[in-house]
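Take 8 as the starting number for the sequence shown in my numbering and just add one per residue.
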Amino acid sequence: MGWFFRKSMPINLGAELVVEVHNHVLPGVDDGARTVEEAMQMLLFWAEMGYQKVIATPHQNTSMWASAEVIENAAQRLQAQLLEQEIPLHLTVAAEYLLEPELQMHLAALRTFGPKRYVLIELGWWAPPLGWERFFFTLHAAGYTPVLAHPERYEYTNEKNLKEWYEKGVLMQVNLLSLANQYGRKAQHKAEYLLEKGWVAFVGSDLHHATGVAAVRQALQHKLLRKRIGQLLNPTLL
């Protein structure tokens with residue numbers, strides 16, 4: 008009876024991922040958490056799931072470009088709450104950059120994460136920007152390691168070009184919310200395909216609001232995530 012009970016328990020992989028790499032938890036900075044209270048609900052969830060570190064990645068693009076002061080103030084408010092509530096979670100800040108011409112102006116001071124100066128890059132939803140692969144080389148030349156955010160969500164991605172990108176050395180980050188079918192079956196299928204092939208470098212939630220934590224919890228039990236957990240680079244960021 009005991010053996011059957013243990014085998015039937017859902018497996019939560021948050022404690023093995025250790026680090027959450029893609030989210031919009033900073034309150035009032037972009038289209039993510041609206042208040043400190045909502046942000047703390049999200050942070051408490053990650054702590055309960057076994058995460059030890061959260062890297063906040065606010066949107067940075069021409070329509071949502073928060074100043075360094077705004078970003079740092081939001082992070083400091085949350086860090087103070089984590090200390091006050093004795094929540095064992097380390098919060099740091101990077102960003103999610105939209106690849107657009109204006110990004111060239113900020114190359115000297117992109118927000119990065121990890122020892123290899125990873126920088127999270129988002130492409131357009133309906134068509135990739137011209138020369139985006141060349142721009143990735145520019146990032147490498149500037150000392151950054153670009154990470155492609157949620158390729159499974161883009162309308163133009165398919166098994167063929169995902170394979171080509173992987174073979175060219177593009178690091179890809181898949182959303183947990185995709186695995187929980189929050190963006191539709193097509194995105195879920197591509198996320199599962201990437202995991203099955205072992206082409207995923209990082210997994211992140213892309214959580215914007217506390218209402219999404221149930222879906223992230225569901226994704227943390229996904230069998231393909233369990234299969235590939237040992238290949239992911241999340242723990243190297245601790």
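For each residue, glycine too, the CB sits at the ideal point set by N, CA and C.
Remember, it's a predicted structure, so these values are computed and weren't measured experimentally.
Please state if the CB of residue j and the CB of residue i are separated by a distance shorter than 8 Å.
i, j, result
"residue 211", "residue 100", "no"
"residue 195", "residue 201", "no"
"residue 164", "residue 107", "no"
"residue 169", "residue 132", "no"
"residue 87", "residue 63", "no"
"residue 143", "residue 135", "no"
"residue 229", "residue 40", "no"
Here's the rule I'm using: 16 or more other beta-carbon atoms within 10 Å means buried, otherwise exposed. How should residue i be labelled?
i, result
"residue 182", "buried"
"residue 127", "buried"
"residue 192", "exposed"
Under the three-state reduction of DSSP, which class applies to residue i: helix, strand or coil?
i, result
"residue 112", "helix"
"residue 164", "coil"
"residue 243", "helix"
"residue 158", "helix"
"residue 35", "coil"
"residue 80", "helix"
What are the start and end residues of the alpha helix (DSSP H) that includes residue i?
i, result
"residue 196", "192 to 204"
"residue 73", "It is not in any alpha helix (DSSP H) - residue 73 carries neither H nor E in the DSSP assignment."
"residue 140", "139 to 148"
Could you pull the start and end residues of the beta strand (DSSP E) that residue i belongs to?
i, result
"residue 1", "Here the chain has residues from 8 to 245 only, and residue 1 is not among them."
"residue 97", "97 to 100"
Go through its chain and collect everything with a Cβ distance to residue i's Cβ below 8 Å, but skip five positions before and after it.
i, result
"residue 11", "Summary for residue 11: the model assigns pLDDT 39, below 50, so the residue's position carries little reliability, and this model does not support an answer."
Can you tell me whether residue i sits near the ligand SAM, meaning its C-beta is under 7 Å from at least one heavy atom of the ligand?
i, result
"residue 203", "Absence of the ligand SAM from the depicted structure is noted, as is the absence of any ligand whatsoever, leaving it without description."
If I measure Cβ to Cβ from residue i and keep anything under 7 Å in the same chain, skipping five residues before and after, which residues do I get?
i, result
"residue 97", "59 and 60"
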